[in-house]
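Below: one structure, written as structure tokens.
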Amino acid sequence: MSSDSEQYDVLVIGAGPAGYVAAIRCAQLGLSVAVVEKWIDRQGNPVLGGTCLNVGCIPSKALLDSSERYHEINHAASAHGIKTGRVSMDVPAMLTRKDKIVQQLTGGIEGLFKANGIQWIQGYGRLLSDKKIAVINHASERAEYHGHSIILASGSVPIDIPVIPIDGQRIVDSSGALEFEDVPKRLAVIGAGVIGLELGSVWNRLGSEVIILEALDSFLPTADQQVSREAMKQFKSQGLDIRLSAKVTGSKATKKEITLTYESAQGKQKLPVDRVLVAVGRRPNTHDLIDESIELKRDERGFIDIDCNFMTSVTGVYAIGDCVQGPMLAHKGSEEGIAVAEVIAGQSASIDHNLIPWVIYTEPEIAWVGMSEQQAKKSGVNYKKGMFPYAATGRALAVNAPAGFVKVIAEADTDRVIGVHIIGRSASELIAEAVTVMAFAGSAEDIARTVHAHPTLSEALHEAALDADNLAIHKAAPKRR
Ligand code: FAD
Ligand code: NAD
Numbered sequence: 203m204s205s206d207s208e209q210y211d212v213l214v215i216g217a218g219p220a221g222y223v224a225a226i227r228c229a230q231l232g233l234s235v236a237v238v239e240k241w242i243d244r245q246g247n248p249v250l251g252g253t254c255l256n257v258g259c260i261p262s263k264a265l266l267d268s269s270e271r272y273h274e275i276n277h278a279a280s281a282h283g284i285k286t287g288r289v290s291m292d293v294p295a296m297l298t299r300k301d302k303i304v305q306q307l308t309g310g311i312e313g314l315f316k317a318n319g320i321q322w323i324q325g326y327g328r329l330l331s332d333k334k335i336a337v338i339n340h341a342s343e344r345a346e347y348h349g350h351s352i353i354l355a356s357g358s359v360p361i362d363i364p365v366i367p368i369d370g371q372r373i374v375d376s377s378g379a380l381e382f383e384d385v386p387k388r389l390a391v392i393g394a395g396v397i398g399l400e401l402g403s404v405w406n407r408l409g410s411e412v413i414i415l416e417a418l419d420s421f422l423p424t425a426d427q428q429v430s431r432e433a434m435k436q437f438k439s440q441g442l443d444i445r446l447s448a449k450v451t452g453s454k455a456t457k458k459e460i461t462l463t464y465e466s467a468q469g470k471q472k473l474p475v476d477r478v479l480v481a482v483g484r485r486p487n488t489h490d491l492i493d494e495s496i497e498l499k500r501d502e503r504g505f506i507d508i509d510c511n512f513m514t515s516v517t518g519v520y521a522i523g524d525c526v527q528g529p530m531l532a533h534k535g536s537e538e539g540i541a542v543a544e545v546i547a548g549q550s551a552s553i554d555h556n557l558i559p560w561v562i563y564t565e566p567e568i569a570w571v572g573m574s575e576q577q578a579k580k581s582g583v584n585y586k587k588g589m590f591p592y593a594a595t596g597r598a599l600a601v602n603a604p605a606g607f608v609k610v611i612a613e614a615d616t617d618r619v620i621g622v623h624i625i626g627r628s629a630s631e632l633i634a635e636a637v638t639v640m641a642f643a644g645s646a647e648d649i650a651r652t653v654h655a656h657p658t659l660s661e662a663l664h665e666a667a668l669d670a671d672n673l674a675i676h677k678a679a680p681k682r683r
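Here the sequence shown is numbered in this note's numbering, starting from 203 and rising by one per residue.
Below you can see the structure in the form of structure tokens.
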């Protein structure tokens, strides 16, 4: 390993979507960059890409797609007149496809590093001072590296609950639930959050009986409540058994099964299952990242404190992505990566954190940006709303996806759009138009007067915008002023 003489303009710890994007933008701006990354894949190879590419966004979406196709063939093909024989699922083949996609993308980042002249330092990095990082490589050798600026992008890790210790086989976190080699007969999911719903959906579609235990008494509380209610209705109809106010108190594993105990309004309950997915949130990965001699401020949960320029309490040391406050989303981390690079290069950069879209990749998909109706009410803003059901658009019927709706919330006085909420097929793609309109402080009328191709699902957004002024064309019972 190199000795302690290596000097860079920028050193980055972590090559997830926050760190690797920051590094590429730094290189584009003419800065010399090295990235310290410790990740080793299941085959023992060092890889780039972090949680998102290796065990997060990408592999989960690959499995969501495979499982959705299987489900469609079994349950929706006949509606199109397609007759199938016996359909079976080759789970190892599905996992191989997922792994290939992951390898293609992580290899792609490696290629981008080479093309941009970015140095990849393999090993565990630790901040020693405002300009120095120590790295222990995979052969346990130690070296030190100097950077004029340092970016911490160490990401996050799953939160575990002591009463259900992860064994990696039958009791797993999200990474384990991407690797089941057969379909669990009965899968308990602890936590009805994004991971619980996405990975619960994967195994439910493949035939598992999925029971989701959620501690809170409300479902998807940060989504618009009308969307949450519709989502609950849709997921229940798909067979997801979502139990709210369920406080897990213990687990007992025998050779045959795992019995969870939990308390709910009905009293003490027992739930025998054959696998358990614990998905109760993630915490910043900042433990053992910073030498004790440095006073770098973190909050009580471990998130690194930063100012509006992503600078930590130590001058010249920046932090971005899941290890700082804000939604734990890949695109949020990547935008911060671009912005911090520009700040380091002496440019001014900022991100409007109110315009970060959220997407849950279930079927129907759920996506939103900006204020929910309950937030608009709470903040006292004078608002109006428009709604449009998918079932009233020709394309939704043609593609057999009538479930869901679009909701546009706009300021009553100015017509400025302050929130858009979509539950329905391809919501993940449709939300981009709403984000763009809001980024330009656009109005509901701006969407309403924009020509949307016919027949497309985007017409539901167009009609919802028209409906904010009671002008929707295809609404069955238009309101009259
Ligand atoms: P990470 O991706 O966690 O990367 C941090 C990197 O830092 C890691 O590679 C780690 O090995 C490295 N590192 C940490 N400490 C050190 C150290 N001391 N030395 C060297 N290297 C270090 N988000 C979305 O936006 N869309 C999705 O669809 C989505 N799906 C998800 C599905 C799942 C199952 C999971 C678990 C997450 C999902 N997320 C999704 C969240 C997304 O993965 C994270 O928000 C994103 O990866 C955060 O990026 P990051 O770069 O901040 O951190
Ligand atoms: P989450 O915060 O979305 O959901 C965790 C859920 O677990 C919450 O509903 C919480 O009330 C519940 N919970 C907490 N403790 C519990 C307990 N002891 N018993 C029962 N329920 C409990 O977290 P997650 O689903 O683990 O996902 C972590 C993060 O990863 C998300 O916040 C998100 O930022 C990111 N992610 C994003 C996507 C996406 O963008 N599509 C997909 C997956 C993950």
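A virtual CB, placed ideally from N, CA and C, is assigned to each residue, including glycine. Quantities reported herein were computed from a predicted structural model and do not represent experimental measurements.
CA-to-CA distance, residue j to residue i, given in whole angstroms
| i | j | result |
| --- | --- | --- |
| LEU422 | ALA390 | 18 Å |
| GLU613 | ARG627 | 27 Å |
| GLU665 | GLU565 | 22 Å |
| LEU408 | ILE546 | 48 Å |
| GLY287 | ASP267 | 21 Å |
| ASP671 | VAL412 | 42 Å |
| ALA225 | GLY258 | 21 Å |
| ARG683 | ALA278 | Unreliable placement is indicated for ARG683, whose pLDDT of 49 sits below 50; the coordinate value is still reported in the next sentence. Rounded to the nearest angstrom, the two C-alpha atoms are 41 Å apart. |
| ASN247 | LYS300 | 17 Å |
| GLN428 | PHE607 | 10 Å |
| GLU270 | GLN440 | 12 Å |
| TRP322 | LEU297 | 28 Å |
| SER550 | ILE397 | 35 Å |
| LYS449 | VAL475 | 16 Å |
| LYS178 | ALA264 | In the structure as shown, the chain starts at 203 and stops at 683, and residue 178 therefore has no counterpart that could be examined. |
| LYS438 | LEU329 | 48 Å |
Residue i - DSSP class collapsed to helix/strand/coil
| i | result |
| --- | --- |
| ILE540 | helix |
| LYS587 | strand |
| SER552 | coil |
| PRO376 | A quick correction: the sequence has Ser, not Pro, at residue 376. Reduced to three states, the DSSP call for SER376 is helix. |
| PRO219 | coil |
| SER403 | helix |
| LEU531 | coil |
| LYS435 | helix |
| HIS469 | Here residue 469 is Gly; the residue named in the question, His, does not match the sequence. GLY469: strand per DSSP, three-state reduction. |
| LEU231 | coil |
| TYR272 | helix |
| LEU599 | helix |
| LYS609 | strand |
| TYR563 | coil |
| SER351 | strand |
| ALA674 | coil |
| GLY621 | strand |
| ILE226 | helix |
Cβ shell of residue i (< 8 Å), same chain only, five flanking positions each side left out
| i | result |
| --- | --- |
| VAL561 | GLU567, ILE568, ALA569, ALA629, SER630 and ILE633 |
| ARG484 | SER358, VAL359, PRO360, ILE361, ASP524 and MET530 |
| ALA281 | ASN602 |
| SER447 | GLU416, ALA417, LEU418, ASP419, SER466 and ALA467 |
| ILE620 | GLY572, MET573, ALA578, VAL583, TYR585, ILE611, ALA612, GLU613 and MET640 |
Beta-carbon proximity list for residue i, same chain, < 6 Å, skipping 5 on both sides
| i | result |
| --- | --- |
| ILE553 | GLU537 and ALA541 |
| ALA636 | VAL571 and VAL622 |
| SER204 | Any reading at SER204 needs caution, since the residue's pLDDT is 49, under 50, leaving its predicted position unreliable; the model's value is listed next. These residues qualify, in order along the chain: ALA345. |
| ASP211 | LEU233, SER234 and HIS350 |
Cβ separation of residue i and residue j, assumed to be a contact under 8 Å, to the nearest whole Å
| i | j | result |
| --- | --- | --- |
| LEU479 | LEU401 | 6 Å |
| PRO294 | GLU383 | 6 Å |
| VAL214 | ALA355 | 6 Å |
| SER574 | ALA455 | Wrong, their Cβ atoms sit about 40 Å apart, outside the cutoff. |
| ALA481 | GLY393 | 4 Å |
| ASP369 | ILE414 | With a Cβ gap of about 20 Å, ASP369 and ILE414 do not count as contacting. |
| ALA674 | GLY588 | 7 Å |
| ASP617 | ALA643 | Actually they are not in contact, since the Cβ atoms of ASP617 and ALA643 sit about 11 Å apart, beyond 8 Å. |
| VAL526 | SER453 | VAL526 to SER453, Cβ: 33 Å. No contact. |
| ILE460 | THR488 | That pair is no contact at about 32 Å. |
Nonlocal neighbours in the same chain, by C-beta distance under 7 Å from residue i, ignoring five residues either side
| i | result |
| --- | --- |
| VAL223 | SER536, GLY539 and ILE540 |
| GLY325 | VAL238, LYS240, VAL337, ILE338, ASN339 and HIS340 |
| ALA229 | VAL235, ASN318, GLY319 and ILE320 |
| GLN436 | PRO566 and ALA605 |
| ASP615 | ASN584 |
| Counting pairs of beta carbons, one from the stretch 595 to 604 and one from the stretch 657 to 677, are three or more of them closer than 8 Å? | Output reads yes: the stretch 657 to 677 touches the stretch 595 to 604.
| query | Counting pairs of beta carbons, one from the stretch 504 to 519 and one from the stretch 336 to 353, are three or more of them closer than 8 Å? | reply | With the rule of 3 Cβ pairs closer than 8 Å, the stretch 504 to 519 counts as touching the stretch 336 to 353.
| field | contact_flag[the stretch 505 to 512, the stretch 308 to 319] where n(CB pairs < 8 Å) is 3 or more | value | Touching, no, given that fewer than three Cβ pairs across the two stretches are closer than 8 Å.
| Does the stretch 371 to 383 touch the stretch 493 to 502, meaning 3 or more C-beta pairs lie closer than 8 Å? | As far as the Cβ criterion goes, the stretch 493 to 502 does not touch the stretch 371 to 383, which means the pair count is below three.
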